[in-house]
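Position 197 of the sequence shown, counting from 1, maps to 197 under my numbering, and the rest follow consecutively.
In this text, a Cβ means the ideal position worked out from N, Cα and C, and glycines have one as well.
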Amino acid sequence: MTAADDPHGYYATLGVRRNATPDDVRQAFRRQAMVLHPDRSSRPDDADRFNRLREAYEVLRDPRKRLRYDAEALQAPSGAGGGRIVRLLLGGLVSPRLLWPVLSAVLAVTVILSLASLWAARRQVEERGQLLAEAHERLDAAVRDQADVRARYRSANFINLENALGGFGKQGREGGYVFHAEIAFPPERTDLDDRLRGQLNRSVVELAKVIGTIPAGRDWVIVIEGQAGEAAANGGVAVTAWETALVRLGSVVDYLVAHDMPIDRLAVRFQAGFGNGDAKGAAGTVEMKLLCCFY
Numbered sequence: 001m002t003a004a005d006d007p008h009g010y011y012a013t014l015g016v017r018r019n020a021t022p023d024d025v026r027q028a029f030r031r032q033a034m035v036l037h038p039d040r041s042s043r044p045d046d047a048d049r050f051n052r053l054r055e056a057y058e059v060l061r062d063p064r065k066r067l068r069y070d071a072e073a074l075q076a077p078s079g080a081g082g083g084r085i086v087r088l089l090l091g092g093l094v095s096p097r098l099l100w101p102v103l104s105a106v107l108a109v110t111v112i113l114s115l116a117s118l119w120a121a122r123r124q125v126e127e128r129g130q131l132l133a134e135a136h137e138r139l140d141a142a143v144r145d146q147a148d149v150r151a152r153y154r155s156a157n158f159i160n161l162e163n164a165l166g167g168f169g170k171q172g173r174e175g176g177y178v179f180h181a182e183i184a185f186p187p188e189r190t191d192l193d194d195r196l197r198g199q200l201n202r203s204v205v206e207l208a209k210v211i212g213t214i215p216a217g218r219d220w221v222i223v224i225e226g227q228a229g230e231a232a233a234n235g236g237v238a239v240t241a242w243e244t245a246l247v248r249l250g251s252v253v254d255y256l257v258a259h260d261m262p263i264d265r266l267a268v269r270f271q272a273g274f275g276n277g278d279a280k281g282a283a284g285t286v287e288m289k290l291l292c293c294f295y
């Protein structure tokens, strides 16, 4: 082992090679400590040699300190040559002259394998990119189809609802409404007074009776309808008319919910500007209809 391989002579002090195991280092320290310890030796220079031994042991027994110490050897001046680095890596067991061809071949194989891996990874990225683009196209097409289906479904439901609301007591596959009641609010009034509550009480009782006659498996819904006599005013939307009609609708819906009508069977329909003749009178009326029976 050259001086460049052992900058501070720690390996030489302990008498071990650079590839010595931690157990080798520990045993070497114990052997020499038994001889050089001040309690066992009376020679003047043994105290310094023991301190040197302990310093070397403290470095080589700690894996991190030993690694930093070995790194110092690699940082020696370039004049030491590449052969010294090879000896440090392999513990001086292989001649650099024989090792360099092997290292060159290993390096060439490593480069070839790296290029092959890079080419394969690039192909995988390209294939995945193509698959991702195709998946996006299929997703966009599915979204467009779904939107078209929903639009047709909404249109069909609206037409069926209009047909059902067009006739009283009409039965069959299209369904129809089998109960109808009108709640006439006094002008400018939006809450329920005693008269309206009594009227709603009677209507709810009759509505419950009709619901009880609906065969099992048939679909039905309670539609609360209201309208504003005016859709627009000089300033734009007829806010006051809309607000009055909507608050009346809300009063009736709140009453039905408070009297245990199923909320998943309630629907509200609001119109504005469809009053025939007496627009204000029509706007003051809230209609309650039971639609049945849909397959």
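Whole angstroms are fine: how far does the CA of residue 219 sit from the CA of residue 167? Note on residue 167: pLDDT 49, under 50, position unreliable in the model; no value is reported.
Residue 204 to residue 272, Cα distance in whole Å? Near 26 Å, if we compare the C-alpha coordinates of residue 272 and residue 204.
Excluding the 5 residues flanking residue 228 on each side, which residues of the same chain have their C-beta closer than 6 Å to its C-beta? So the qualifying residues of the chain are 241, 242, 245, 272, 283.
My understanding is that residue 249 touches residue 237, with C-beta atoms under 8 Å, so please give their C-beta distance in whole angstroms. Rounded, the Cβ-Cβ distance is 17 Å, inconsistent with contact.
Should residue 5 and residue 12 be called a contact, given that it needs their Cβ atoms to be closer than 7 Å? Not in contact: residue 5 and residue 12 (Cβ atoms no closer than 7 Å).
Tell me whether residue 251 is buried or exposed, calling it buried when 16 or more other Cβ atoms sit within 10 Å of its Cβ. Buried.
Is the CB of residue 61 under 7 Å away from at least one CB in chain D? The structure shown has no chain D; it contains just one protein chain.
Opposing strand residues paired with residue 180 [DSSP bridges]: The partner list for residue 180 (beta bridge, DSSP) reads 289.
Less than 7 Å separating the beta-carbons of residue 24 and residue 35? Result no, Cβ atoms of residue 24 and residue 35 do not sit closer than 7 Å.
Assuming residue 291 and residue 221 are in contact, meaning their beta carbons sit under 8 Å apart, how far apart are those beta carbons, in whole angstroms? Right, their Cβ atoms sit about 5 Å apart.
Quick one: what's got a C-beta closer than 7 Å to residue 259's C-beta in the same chain, skipping five residues either side? Closer than 7 Å at the Cβ level, and outside the excluded window around residue 259, lie 204.
Check residue 81 in the structure and name its three-state DSSP category. Low confidence applies to residue 81: its pLDDT is 48, below 50, so where it sits in the model is not reliable, and the reading given next is rough at best. The three-state secondary structure of residue 81, taken from DSSP, is coil.
Per DSSP, residue 236 is paired with what? Answer by DSSP bridge pairing, in chain order: 233.
Please list the terminal residues of the continuous beta strand (DSSP E) segment that includes residue 192. Neither: residue 192 is in no beta strand (DSSP E) and is coded neither H nor E.
So is residue 209 buried or exposed if we call it buried at 16+ other beta carbons inside 10 Å? Counting every other CB atom within 10 Å of its CB across the protein chains shown gives residue 209 a total below 16, marking it as exposed.
How would you write the range of the alpha helix (DSSP H) that residue 269 sits in, first residue to last? It is not in any alpha helix (DSSP H) - residue 269 instead sits in the beta strand (DSSP E) that spans 266-272.
In the region 98-135, which residue ranges form an unbroken alpha helix (DSSP H) of at least 4 residues, counting only runs that do not cross its ends? With a minimum length of 4 residues, no continuous alpha helix (DSSP H) run stays inside the region 98-135.
Going by the CB atoms, is the gap between residue 287 and residue 182 shorter than 7 Å? Yes. Within cutoff.
Among residues of its own chain, excluding the 5 on either side of residue 316, which ones have a beta-carbon nearer than 8 Å to its beta-carbon? This structure does not reach residue 316, given that the chain is present from 1 up to 295, and the question cannot be answered.
Taking just the CA atoms, how far does residue 32 sit from residue 48? Each residue's alpha carbon lies about 13 Å from the other.
With distances taken between CB atoms, is the gap from residue 289 to residue 247 smaller than 7 Å? By the CB criterion at 7 Å, residue 289 and residue 247 fall outside the cutoff.
Spatial neighbours of residue 297 within its chain, please: C-beta separation below 7 Å, excluding the five flanking residues on both sides. Residue 297 falls outside the range modelled here, since the chain spans only 1 to 295, and no answer is possible.
Residue nearest to residue 200 in terms of C-alpha spacing, selected from 293, 37, 255: Selected option, being the one with the closest Cα: 255.
Give the single residue among 147, 192, 198, 212 whose Cα lies nearest to the Cα of residue 178. Here the closest residue by C-alpha is 212.
Suppose you measure from the CA of residue 264 to the CA of residue 257; what does that come to, to the nearest Å? Taking the straight line joining both Cα atoms gives about 10 Å.
Span of the beta strand (DSSP E) around residue 56: Segment 44-60 is the alpha helix (DSSP H) holding residue 56; no beta strand (DSSP E) there.
Can you give me the C-alpha to C-alpha distance between residue 146 and residue 127, rounded to a whole angstrom? Straight across, the Cα-Cα distance linking residue 146 with residue 127 is about 28 Å.
Apply the 10 Å Cβ neighbour rule to residue 225 and answer buried if 16 or more other Cβ atoms are within range, or exposed otherwise. Looking at its Cβ environment, which holds 16 or more other Cβ atoms inside 10 Å, residue 225 is buried.
When the Cα atoms are used, what is the spatial distance from residue 191 to residue 136? Cα to Cα, residue 191 sits roughly 54 Å from residue 136.
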